[in-house]
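Report on the structure given below.
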Amino acid sequence: MYLSRRESLDTLPNEILSKVVSAFEQQPHIPRKFRLISVFARVNRRLRSFSMPLILQDLTVRSCDRLSAFVEFLEGCEEAQKDYPYLSYVRSIRIGGKSRRPNDYNVLYTSPLERIPLLPNLLDFECVDSPLTPKFLSSLAIHKSIRHLDLAWMSTFPDTQQFPSLRALRLHISPSLFSLLDIDMSPPLHTHSSLTTLSIDSSYTWFDSIVGHLNFPNLRVFCLQKTYSKPSDIFQFIHEHPSLMEVNVGFLGFDPVHMRALELLIEDTVPNWRDNSDFAIFAEEGWCFGGPCDVYSLRAFAWMSIDVEAFAFKRVPITPEALSYAHCRRPRYMATEVALRLRSEQPDQEDLGNSPFIEIFDLGSLVAFHSVQYLCVECPTGQATDFANLMVGPTSFLEARNMITDQTCRRTSGNTSDSGIVFGRSPFLAACLHTGGICCC
Numbered sequence: 010m011y012l013s014r015r016e017s018l019d020t021l022p023n024e025i026l027s028k029v030v031s032a033f034e035q036q037p038h039i040p041r042k043f044r045l046i047s048v049f050a051r052v053n054r055r056l057r058s059f060s061m062p063l064i065l066q067d068l069t070v071r072s073c074d075r076l077s078a079f080v081e082f083l084e085g086c087e088e089a090q091k092d093y094p095y096l097s098y099v100r101s102i103r104i105g106g107k108s109r110r111p112n113d114y115n116v117l118y119t120s121p122l123e124r125i126p127l128l129p130n131l132l133d134f135e136c137v138d139s140p141l142t143p144k145f146l147s148s149l150a151i152h153k154s155i156r157h158l159d160l161a162w163m164s165t166f167p168d169t170q171q172f173p174s175l176r177a178l179r180l181h182i183s184p185s186l187f188s189l190l191d192i193d194m195s196p197p198l199h200t201h202s203s204l205t206t207l208s209i210d211s212s213y214t215w216f217d218s219i220v221g222h223l224n225f226p227n228l229r230v231f232c233l234q235k236t237y238s239k240p241s242d243i244f245q246f247i248h249e250h251p252s253l254m255e256v257n258v259g260f261l262g263f264d265p266v267h268m269r270a271l272e273l274l275i276e277d278t279v280p281n282w283r284d285n286s287d288f289a290i291f292a293e294e295g296w297c298f299g300g301p302c303d304v305y306s307l308r309a310f311a312w313m314s315i316d317v318e319a320f321a322f323k324r325v326p327i328t329p330e331a332l333s334y335a336h337c338r339r340p341r342y343m344a345t346e347v348a349l350r351l352r353s354e355q356p357d358q359e360d361l362g363n364s365p366f367i368e369i370f371d372l373g374s375l376v377a378f379h380s381v382q383y384l385c386v387e388c389p390t391g392q393a394t395d396f397a398n399l400m401v402g403p404t405s406f407l408e409a410r411n412m413i414t415d416q417t418c419r420r421t422s423g424n425t426s427d428s429g430i431v432f433g434r435s436p437f438l439a440a441c442l443h444t445g446g447i448c449c450c
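Just remember that the working numbering sits 9 ahead of the position in the sequence shown, which is counted from 1.
Below you can see the structure in the form of structure tokens.
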């Protein structure tokens, strides 16, 4: 594009201005108010009209005690709405710092949020520092365009039907939730049709109050971390939502899940995880199975010594018709990506060869894992003296079965008691590692 010598900043087309701004925005060490886009807003009307949509697009309030000033700013924008559609520029609001941990003391500062004026194009709302309540959520429901909610929460499951466009919901459960007396632990059955992603962090026993009472017919991604809920209840929840393709679960205080149970979960071949009689059919395979954590399962095969404390997987239907199978023993899914945290039977053992970590190469004998392309494994192993040589066996075995597309083997941390194996890396597994449920690097 040709520019004459008489061109100035305020006469440049928006296309050129956008390139100029993007070139200088790659300097995060510069305070926001001194960045080029903020300077433009103080030059003249022409540059202000260009910069304000970019400035207001993503709003961040780093401390809850500044919420009152933040809401007053939005109310000022509402008064100027006749001349400048400032409120229509806002796409996301983030409240809170980097800790992402609910602080119950901050609840005193959140009342101004109920006065937020209508933001017609608001897509994302995040508040993780201060626990919120259903009353606030009702006031937020005027923003019908919201697609993603990330909230510190202190009540039963929120009424997402107030948000017709909502697709993703992430809840960080408040530590003081169970001191509240108005929690209904037996809510009626509700259907949440719009949600495709559900993430619950620090749930402890909170998930028990909603499991069996909620239905998500279009749920594709489910993440549950730091939970004391029974594995059988969680497995049943996953089974009752056949649309689920990505799952990430981390337990607290329960016996680890057996590897065979995880295979059955991925395949979706158990119709009722809460009824032990449904496992009788597997006795003909030469071993007994009484549930995901059955300590009496017969360890007839090497991979049955693998116990899982946290897991994540991504699966696909075996055939397009597989999802139509109803209460059938025929496998419906196969895993394409798997992340596991294993429990070592002998955490103080110096020899890694005596750990179930070495048995991971036997995953190739499980049908649900035949199509795995990315695999991450973590296991406490004691003093790992020769980690690289230990990985030769599992790596060669998985490569021979064409289970992976690429692979790297590495220690997962500076602590010699934590070792891991990473076969390939994908955006899905990277996200799972970020949640803390699976921690491989």
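From the three backbone atoms N, C-alpha and C, an ideal C-beta is built for every residue, glycine too.
Here the structure is a predicted model, which is why all the values come from computation and not from measurement.
Status (buried if at least 16 other CB within 10 Å, exposed otherwise) for T328: Label assigned to T328: exposed.
Close beta carbons around F49, own chain, < 6 Å, minus the five adjacent residues each side: Residues L56, S60 of the same chain have their beta carbon placed closer than 6 Å to that of F49, with the five preceding and five following residues left out of the count.
Cβ-based burial, Q245 [other Cβ within 10 Å; buried from 16]: Burial check for Q245: the Cβ neighbour count within 10 Å reaches 16 or more, so the residue is buried.
Heavy atom of the ligand MN within 6 Å of Q234 beta-carbon: Among the ligands in the structure shown, none appear at all, so the ligand MN cannot be discussed.
Contact check, M163 vs S147, beta carbons under 7 Å: Against a cut-off of 7 Å, the Cβ pair of S147 and M163 comes out as no contact.
Cβ-Cβ separation, V325 to L384 (assumed contact under 8 Å), whole Å: No, L384 and V325 are not in contact; Cβ-Cβ is about 16 Å, not under 8 Å.
Enclosing beta strand (DSSP E) for I102 [first to last residue]: Membership of I102 in the beta strand (DSSP E) is indicated by the continuous run 101 to 104.
Alpha-carbon spacing of L149 relative to D316, whole angstroms: Put simply, the backbone Cα of L149 is about 43 Å away from that of D316.
Three-state secondary structure assigned by DSSP to E249: Here E249 sits in coil by DSSP.
Chain D within 7 Å of F378, Cβ atoms only: As a matter of chain content, chain D is missing from the structure shown, which is built from one protein chain.
Residues near K91 in its chain [Cβ-Cβ closer than 6 Å; skip 5 each side]: None.
6 Å Cβ shell around P121 - same chain, five flanking residues per side excluded: Scanning its chain for C-beta atoms nearer than 6 Å, with the 5 sequence neighbours on each side dropped, one finds around P121 the residues L76, S77, V80, in chain order.
For R324, the first and last residue of its enclosing beta strand (DSSP E): For R324, the enclosing beta strand (DSSP E) has its first and last residue at 316 to 326.
Beta carbon of L223 nearer than 7 Å to that of H199: Yes, Cβ-Cβ distance for L223 and H199 is below 7 Å.
C297 in three-state terms, based on DSSP: Model confidence at C297 stands at a pLDDT of 43, short of 50, so the residue's coordinates are unreliable; what they give is reported in the following sentence. C297 sits in coil when the DSSP states are folded into three classes, being neither helix nor strand.
Other residues of its chain near L204: CB distance less than 8 Å, five sequence neighbours each side excluded: Same-chain partners within the cutoff: T169, L175, R176, A177, L178, F225, N227, L228.
C-alpha gap between L83 and V99, whole angstroms: Spanning the two alpha carbons is a distance of roughly 10 Å.
With 16 other Cβ atoms within 10 Å as the buried cut-off, status of V66: For the sequence presented, residue 66 should be read as Gln rather than Val. Under a 10 Å Cβ-count criterion, Q66 is classified as exposed, with fewer than 16 other Cβ atoms of the shown protein chains found around its own Cβ.
Simplified DSSP assignment, three categories, for T236: Strand at T236.
In chain order, each alpha helix (DSSP H) run of at least 4 residues that lies wholly inside the segment 64 to 91: Entirely contained in the segment 64 to 91, the alpha helix (DSSP H) runs reaching 4 residues are, in chain order, 76 to 88.
Residue burial classification, F298 (beta-carbon count within 10 angstroms, cutoff 16): Note that F298 scores a pLDDT of 47, beneath 50, so its modelled location is shaky; the value from the coordinates is reported in the next line. Only buried fits F298, as 16 or more other CB atoms lie within 10 angstroms of its CB.
Close-in-space but distant-in-sequence residues of the same chain around I243 (CB under 8 Å, 5 per side omitted): Excluding sequence neighbours, I243 sits near F216, V220, L233, T236, V258.
Straight-line Cα distance separating F320 from I247: In a straight line, the C-alpha of I247 is about 13 Å away from that of F320.
Selection from L131, V256, S218, M254 that minimises the alpha carbon distance to R103: Comparing alpha-carbon positions, the option among L131, V256, S218, M254 lying closest to R103 turns out to be L131.
Extent of the continuous alpha helix (DSSP H) to which S203 belongs: For S203, no alpha helix (DSSP H) encloses it, and the DSSP letter there is neither H nor E.
Same chain only: Cβ atoms within 7 Å of L253, ignoring 5 sequence neighbours per side: So the qualifying residues of the chain are L228, R229, F231, I247.
Cutoff 7 Å; reference L271; Cβ partners in own chain excluding five residues on either side: Apart from sequence neighbours up to five positions away, the residues of its chain that approach L271 with a beta-carbon distance below 7 Å are V317, F320, ordered along the chain.
Beta-carbon proximity check, L127 vs I155, cutoff 7 Å: For the 7 Å CB-CB criterion, L127 and I155 do not form a contact.
Contacting residues, own chain, Cβ-Cβ under 6 Å from L63 (five flanking each side not counted): For L63, the CB contacts under 6 Å within the same chain, skipping 5 residues up- and downstream, are I46 in chain order.
From Y93, R51, R41, residue whose alpha carbon lies closest to that of V70: Per the Cα distances, R41.
Rounded separation between L207 and H181 - CA only: Computed Cα separation, rounded: 11 Å.
Residue from D277, E387, W282 whose Cα sits closest to the Cα of A344: For the residues D277, E387, W282, the minimum Cα distance to A344 belongs to D277.
Exposure label - H38; buried when at least 16 CB within 10 Å: Burial call: exposed.
Cβ-Cβ distance between E123 and D159 below 7 Å: Cβ distance not < 7 Å, so E123 and D159 don't count as in contact.
CB contact flag (D133, S101, <7 Å): Cβ atoms of D133 and S101: closer than 7 Å.
Selection from E88, F166, R341, L68 that minimises the alpha carbon distance to P280: Nearest option by C-alpha distance: R341.
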